[in-house]
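Report on one structure; see the data block that follows.
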Amino acid sequence: SAFAPALVPNTAPAQDYTSGSIPESPDHPAWPTAFSNVLIHSGDGAPLFARVALHEGQRRPGVVVVHGFNTNGKESVIRWAAMLYANGYHVIAADQRSFAAEHDAGYGPPAWVQTFGWKESEDVLAAGRYLAQQPGVGDVGVMGFSLGAQDTVLALALDAAARRRVFD
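Residues in the sequence shown are numbered consecutively from -2, following my numbering.
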């Protein structure tokens, strides 16, 4: 019921890590119109492309959706981000450093390389900080898949040691 026809079809996400994550592929669902493109920067300055959807009106919680080790990054979590937004959450789905969109834009190696969690945990925190700063966003949570789950755990460890926490 989270997937109205105007948002993202509730089809089995079997292709989310293969052809379903490739923009222009017939299996790739379109981002709902509520999601806009933004460019955020990690703690060390790494540029990260993201999709953000915010509700107008009352204060609501937000969720950072973290993709796994997939060439096309955030494109593999469209259904999860759409489901959360459809259920009333503010949502950000951000790439981690040096995935396809960043690499294609010239934001890849040698300046920004993948580190399998070390720097990506800072990318997760940057997405959380960005979302927390948006109007109407209350508590911020985070969920990750595959490598993104690891990076989420590492980000939560960094966050717990911080003076001003990002995630609630």
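Here a beta-carbon is modelled for each residue, glycine too, at the ideal position from N, C-alpha and C.
Here Ala43 is not near Trp115, since their CB atoms are 8 Å or more apart.
Val61 is the residue among Gln131, Phe66, Arg94, Val61 whose C-alpha sits nearest the C-alpha of Ala79.
The beta carbon of Ala129 lies closer than 8 Å to those of Gly59, Val137, Val163 in the same chain, with the five residues before and after it left out. With respect to Gly125, Val139 sits close: the two C-beta atoms are nearer than 8 Å. Per DSSP, the beta-bridge partners of Phe46 are Leu36. One Cα belongs to Ser118, the other to Ala152, and the distance between them is close to 4 Å. In this structure, the alpha-carbon of Phe96 lies about 12 Å from that of Phe113. Annotation: the region 124 to 154 contains the following complete segments of the beta strand (DSSP E) (minimum length 3 residues), in chain order: 134 to 141. Annotation note: the region 81 to 128 contains the following uninterrupted beta strand (DSSP E) runs of length 3 or greater, listed N- to C-terminal: 87 to 91.
For Arg57 and Pro29, the gap between their C-alpha atoms comes out near 19 Å.
Per the C-alpha coordinates, the member of Leu122, His100, Ala157 positioned closest to Gly70 is His100.
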